[in-house]
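Quick notes on the structure that follows.
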Amino acid sequence: MEDRRLWTLALVFGMVVSLVGIVATVLPLYIFDGNVRGYVSLASYDLTVFGEKYYSLSLEAVKPFAYLLIAQAVFNIIAIAVSGAKTFFGRKSVVWKAVAFGAMLSTLVGVGILYGCAHIVSEETKPLLADFSHETSAGKIVFPKTMCYPQPAYLLVSNFIPLALTIIYAITMSIAYAFKQNLSTEG
Amino acid sequence: MKASYLITAFLAALFLLKFTPLPFGVYFTLGSSMEPTMHAGDVVIVWGREYDVGDVIVWSNSPLSCIVHRVVGVTSSQVITKGDNNPVADFPVSKDSVRGKVVAHVPREYWMPAATALVGAYVYRNRRKLGIQFNSFERIASAVLAANVLMFSLIITMSPVVAPHASPIRAPSASLYGVAVDKKVGDIIVKYFSEGLEVKNVTGCTVSSSVGRVACSYDVENGTVYVHVPREYYAEMNVRGEGFLTLVLNATLTHDAVLYGKYLVHPTFAPLSVKKEGYVAHIVNPNFFPVKANVSVYYAQSSGAWNVNSTELNLMPGEEASFNLSSTKFSYIEVKHVFFGKTVAERVQVTYDGRP
Chain A
476 MEDRRLWTLA LVFGMVVSLV GIVATVLPLY IFDGNVRGYV SLASYDLTVF
526 GEKYYSLSLE AVKPFAYLLI AQAVFNIIAI AVSGAKTFFG RKSVVWKAVA
576 FGAMLSTLVG VGILYGCAHI VSEETKPLLA DFSHETSAGK IVFPKTMCYP
626 QPAYLLVSNF IPLALTIIYA ITMSIAYAFK QNLSTEG
Chain B
106 MKASYLITAF LAALFLLKFT PLPFGVYFTL GSSMEPTMHA GDVVIVWGRE
156 YDVGDVIVWS NSPLSCIVHR VVGVTSSQVI TKGDNNPVAD FPVSKDSVRG
206 KVVAHVPREY WMPAATALVG AYVYRNRRKL GIQFNSFERI ASAVLAANVL
256 MFSLIITMSP VVAPHASPIR APSASLYGVA VDKKVGDIIV KYFSEGLEVK
306 NVTGCTVSSS VGRVACSYDV ENGTVYVHVP REYYAEMNVR GEGFLTLVLN
356 ATLTHDAVLY GKYLVHPTFA PLSVKKEGYV AHIVNPNFFP VKANVSVYYA
406 QSSGAWNVNS TELNLMPGEE ASFNLSSTKF SYIEVKHVFF GKTVAERVQV
456 TYDGRP
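Top line first, the protein sequences correspond to chains A and B.
Going by this note's numbering, the first sequence opens with residue 476, and the numbers climb by one from there.
Going by this note's numbering, the second sequence opens with residue 106, and the numbers climb by one from there.
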């Protein structure tokens, strides 16, 4: 009984971590208004700078990581859903639990990548908020300030929520796994 | 198993085709020279040798490496290519070096997960033959983790090496093309060289000098500003001998930018022109501001005394005053006016002994 409860708790955390991962990856981190317009998320961006489409090598490099994070989260959700369903209906689900455990270990890798990508995006978008005012032979040219509105996804990746959730997820699942091992050894 | 052999042979043949002179093949792109069209790790499919300017081709001067770049010029024997992300074109290469035209490209985001899934499915299906056994919890979990780490490693390997702030942003700008004074009407013409910014409207305009500061009216046409300086201001500058004025111009530009410009302007003044044409003396004001002049006509009949007839004139810009002295035997005209802070006098003989 204890095994099932711990697994269920771990799977719930896993589901939350995966959904947080998808939200943080897909939804915009920042929305810009002014001479820089558009949005930036980990998985995509659509920015116009002074009316021209903005292309960033760094943001392009982040995209494949974001796609893989989404794929990882989806895979995690599937593994959790299947193993959860099997556990709920009292059926043996060693393989799917093992897959879910592997997915959890992958999430530990993924959360680091998520923070890394968010850091790259944050650094890459800083120059967009620079003061573009300058002086030429014509005089001083002053541009209005570009407004940057951080979105809920930014709040997720700018603090320790995903990391904390992932650690809790990992600890819960590891305890569930260790408990099962103990039961097996004792049995 | 036969099907897998066939698929493997087909894939191997596709990649080996590039070592043959045939205009078909499958290539991987490396580097970032074709960004944003193609990324490192994308697969390109080459088919046929017909190409034109604008097409992406594969060319090679060595059997080990190929270049995937866009055609920017074609001569009778050579091809010039350039990477979309490169600042300059490549050296011209012989047409014989061209492997073929790129007809399709598969981004890495599509082929990598698909290929990994296929390999994974193949390994899982043939796990017993391959000696891999997913018969324990730990092995399955390790396999999932390994697959994940492998995918991230692949992406890291394929990613271009980029540092934050690698994408410089160049703000649009405008520089001064020139400031000139219209010699006919005295307008100050301010022309700008646009580098993405155009003057939309003027919000403030003043001129200042030792004469004082005055607000000016203005017009904007095609990004050029025409400042209408009051004529009296120029007239006063001439009287005071002031050669420079400062124009302060505030304007709104495209992209909601604002320009604060300050320019030193040097209007040129000219003295009144006094000329004789037959019996007629002409006094012309060549300036774009009114000039006051004292005109004295000296005339005499035979050996009599000289008579003087003086008048004050206020010659408007471009205005001409004429004096017909055909009825006099001896005459000359003297024009006194202030030119650049000094009173100048010009004297012209009009008639002598009844002749011009």
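Think of the CB as a built atom: it goes at the ideal place given N, C-alpha and C, for glycine as much as any other residue.
Everything numeric in this text was worked out from a predicted model, so none of it was measured.
Short of 6 Å in beta carbon distance, which residues of its chain neighbour residue i, apart from the five on each side in sequence? Order them along the chain.
i             : result
residue 336/B : 394
residue 451/B : 379 and 440
residue 499/A : 628, 631 and 632
residue 86/B  : One cannot answer for residue 86/B here, as it falls past the ends of chain B, which runs 106 to 461.
residue 414/B : 402
residue 309/B : 355
residue 290/B : 393
In angstroms with no decimal places, state the Cα-to-Cα distance between residue i and residue j.
i             : j             : result
residue 166/B : residue 144/B : 22 Å
residue 234/B : residue 227/B : 11 Å
residue 195/B : residue 531/A : 24 Å
residue 512/A : residue 523/A : 5 Å
residue 555/A : residue 585/A : 17 Å
residue 517/A : residue 619/A : 27 Å
residue 274/B : residue 536/A : 18 Å
residue 610/A : residue 367/B : 12 Å
residue 514/A : residue 504/A : 7 Å
residue 625/A : residue 502/A : 11 Å
residue 90/B  : residue 348/B : For chain B, the structure presents residues 106 to 461; residue 90/B sits outside this window and is missing.
residue 327/B : residue 304/B : 8 Å
residue 261/B : residue 547/A : 16 Å
residue 269/B : residue 601/A : Legend: pLDDT at residue 269/B = 47, less than 50; position of this residue unreliable, no value from coordinates given.
residue 213/B : residue 223/B : 15 Å
residue 645/A : residue 565/A : 23 Å
residue 186/B : residue 176/B : 4 Å
residue 200/B : residue 525/A : 41 Å
residue 271/B : residue 131/B : Only weak support is given to the placement of residue 271/B: the predicted model assigns it a pLDDT of 48, under 50, and the value that follows is read from those uncertain coordinates. Straight-line Cα distance between these residues: approximately 31 Å.
residue 288/B : residue 365/B : 26 Å
residue 157/B : residue 215/B : 28 Å
Going by the DSSP bridge assignment, what does residue i pair with across the sheet?
i             : result
residue 625/A : 505/A
residue 535/A : Its beta-bridge partners do not exist; DSSP assigns none.
residue 293/B : 286/B and 332/B
residue 428/B : 386/B
residue 457/B : 460/B
residue 186/B : 176/B
residue 436/B : 404/B and 456/B
residue 610/A : 615/A
residue 448/B : 443/B
residue 397/B : 419/B
Tell me the residue span of the beta strand (DSSP E) that contains residue i.
i             : result
residue 164/B : 161-164
residue 133/B : 129-133
residue 366/B : 363-370
residue 354/B : 350-358
residue 149/B : 148-152
residue 317/B : 317-320
residue 305/B : 304-314
residue 513/A : 511-515
From which residue to which residue does the alpha helix (DSSP H) around residue i run?
i             : result
residue 384/B : Taken as a continuous stretch (DSSP letters only), residue 384/B belongs to no alpha helix (DSSP H), as it is neither H nor E.
residue 215/B : 213-230
residue 583/A : 569-600
Got a sec: is the Cβ-Cβ distance from residue i to anything in chain A below 8 Å?
i             : result
residue 253/B : yes
residue 324/B : no
residue 313/B : no
residue 367/B : yes
residue 274/B : yes
residue 230/B : no
residue 233/B : no
Under 7 Å Cβ to Cβ from residue i, same chain only, skipping five residues before and after it: list those, please.
i             : result
residue 533/A : 595 and 599
residue 190/B : 137, 138, 139 and 140
residue 319/B : 311, 312, 335 and 338
residue 544/A : 496, 500, 585, 588 and 589
Please list, in chain order, all residues of the same chain as residue i whose beta carbon is under 8 Å from its beta carbon, the five residues on each side excluded.
i             : result
residue 430/B : 384, 385, 386, 402, 404, 436, 438, 455 and 456
residue 300/B : 277, 278, 279 and 280
residue 590/A : 632, 637 and 638
residue 346/B : 445, 446 and 447
residue 412/B : 403, 404 and 405
Would residue i count as contacting chain C if we go by Cβ distances under 8 Å?
i             : result
residue 513/A : In summary, chain C is missing from the structure at hand, where the protein chains are A and B.
Measuring only between beta-carbons, confirm whether residue i sits less than 8 Å from chain B.
i             : result
residue 496/A : no
residue 662/A : For residue 662/A, the predicted model reports a pLDDT of 42, less than 50, meaning its position is unreliable; a value from the coordinates is still stated below. Chain B contact via Cβ: absent.
residue 490/A : no
residue 612/A : yes
residue 530/A : yes
residue 616/A : yes
residue 574/A : yes
residue 542/A : yes
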